[in-house]
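Working notes for the structure below.
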Amino acid sequence: MSKNRNEGFILVFIILLILVLSAFIAVGMAIVLNLQKGLKVSFDVNLKADEVANAGIEETISWFKRQLSQPVIEFSPQGEDTEDPSIGLVREYLISGNIYGRYEVSKSEVEDVSIKRGLTQAGSIWKITSYGYVFQKLDPNKKFNEAPNRILGQSKLSTEIRRMGVTLPVESAILAEKNVIIGRGGRIRGGIATNGKITKTGDVQGTILENQFMSLDPQSIFGLSLDELSNLADISVSSVNELPEKLPSSALIYIDGNAQFGRTRPLNGGGILIVNGNLNIQAGSNSNFTGIIYVVGNASSNYIQQAPSLISGCLVVTGSVVNIEGTGEISEIDYDKNIIDMMKRRVGLYRRATPLIKEVNR
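When the letters of the sequence shown are read in order and numbered with our numbering, they come out as residues 79 to 440.
Quick look at the structure:
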């Protein structure tokens, strides 16, 4: 009888021990899950704060581009550009539910650093700092950082932007340092200006200027070196094969080396194309480019453009003879001031010059 009683006590003790351990495990799991959930929420909020701060950077770059007076020498957003001109560029927007994003780009933290970077032209390089906040809006009559509203996460990002100007010395379809040859099937609308001579059996309309003394180096045209242009480019490659299958309609594209476009790979797109080498548009490519093409060229080969092809805007060639011709079809370059001005606004002006630097995220 005593033995059975002891066995009963042991069984009850084991059951109680199992229940206690199960309770501990359940509580532990709940704590871990809550911790993981809290970490995930914190992680997501901080990522969102980075996105909000970056939106402030992008809107600031857009503001610089929209200014009619260039280069910009003062950062002072007004009117519809900002929700608080006393601070600078400020915007709040709904993320989800009662969660909002807010970016602040303070006038005191947008600095013209042109002189510090060795440039003489004010307004050429600006440092931008943007604060991004993710906050819970519980009282719309209170400030975002005033109770009961609560900041959930914040970020501080900075970068530098640089102005890329486009200065063409003459309004012509072709600007060249060396001789220009317009063969049969070549068609030029808007004239030719060259430091060399012009030979034409094709169709040329517009003013013809020979023996000019134009400076067509990258510094004169863009105010930047080739290395700087490569760093600023939306697309920077060393060969045509590395280009995306479809080129954008307005982008700064840099090819470091000779470039050849043909039937299987035509030159279709728009923007500003810079070729640090020679450019060959082959017969049958049916290429159509809108914007400015700048070719560094070299003495070993010519710039060649064959039919059918069309460049609308302007062609600038520095180190090579220009040869434009067509066989049975037309190889054409049309000067278009409206297109050039549009590409100056879309592609030129201010561009991000350095990677984003995250200074704080808490």
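In this text, a Cβ means the ideal position worked out from N, Cα and C, and glycines have one as well.
All values reported here derive from a predicted model rather than from experimental measurement.
* Verify whether the separation of the beta carbon atoms of I411 and L393 is less than 8 Å. => yes
* Establish whether the CB of Q214 and some CB of chain B are separated by less than 8 Å. => The displayed structure is made up of one protein chain only, and chain B is not part of it.
* How many angstroms separate the CA atom of D217 from the CA atom of I165? -> 22 Å
* Asked: How long is the line joining the alpha carbons of F291 and K205, rounded to whole angstroms?
  -> 37 Å
* **E306: first and last residue of the uninterrupted beta strand (DSSP E) it sits in** => It is not in any beta strand (DSSP E) - E306 instead sits in the alpha helix (DSSP H) that spans L304 to L310.
* **G269 to Y413 span [Cα, whole Å]** => 8 Å
* Asked: Buried or exposed: L117, going by 16 or more other Cβ atoms within 10 Å of its Cβ?
  -> The pLDDT assigned to L117 is 37, lower than 50, so where the model puts this residue is not dependable; a value taken from the coordinates is nonetheless given after this. Per the 10 Å Cβ criterion, exposed.
* Can the beta-carbon of L351 be found closer than 8 Å to that of I331? -> yes
* Just to confirm, are V234 and Y211 a CB contact at a threshold of 8 Å? -> Residue identity differs from the one stated: residue 234 is Lys in this sequence, not Val. Not a contact, by the Cβ cut-off of 8 Å.
* **Under 8 Å between C-beta atoms of Y181 and L172** => no
* For V373, verify whether its CB is less than 7 Å away from any heavy atom of the ligand MN. => Here there are no bound small molecules, and the ligand MN is not part of this structure.
* Whole-Å CB distance - A377 paired with G349, under 8 Å assumed -> Not quite, the Cβ-Cβ distance comes to about 28 Å (not below 8 Å), so this is no contact.
* To do: For the alpha helix (DSSP H) containing R423, list its first residue and its last residue.
  => K415 to R424
* To do: Have a look at R169, A251 and K324 and flag the residue whose alpha-carbon is nearest the alpha-carbon of T285.
  => A251
* When DSSP builds the beta bridges, which residues end up paired with Q232? -> Y211
* **CA-to-CA distance, Y372 to K256, given in whole angstroms** => 14 Å
* Asked: Which value, in whole angstroms, describes the spacing of the CA atoms of E136 and P163?
  -> 18 Å
* To do: Leaving aside the five residues before and after V110 along the sequence, list all residues of the same chain whose C-beta is less than 6 Å from its C-beta, in chain order.
  => Low confidence applies to V110: its pLDDT is 42, below 50, so where it sits in the model is not reliable enough to give any reading.
* Asked: Ordered along the chain, which non-local residues of its own chain (more than five positions away) have a Cβ less than 8 Å from that of V56?
  -> Beyond the ends of the chain as shown, which are 79 and 440, falls residue 56; an answer cannot be given.
* Asked: Does the distance from the C-beta atom of G391 to that of I418 stay below 8 Å?
  -> yes
* To do: Alpha carbon to alpha carbon, how far is R424 from T39? Give it in angstroms, no decimals.
  => Nothing about residue 39 can be read from this structure; the chain reaches only from 79 to 440.
* Could you give the uninterrupted runs of the alpha helix (DSSP H) lying entirely in the segment 221 to 277, keeping only those of 4 residues or more? -> none
* Asked: So who's on the other strand from F367, going by DSSP bridges?
  -> G347 and I389
* Is the beta carbon of N356 less than 8 Å from the beta carbon of S398? -> yes
* **Beta-carbon gap between K422 and V282 smaller than 8 Å** => no
* Given a cut-off of 8 Å, decide if L310 and R429 are closer than it, judged by their beta-carbon atoms. => yes
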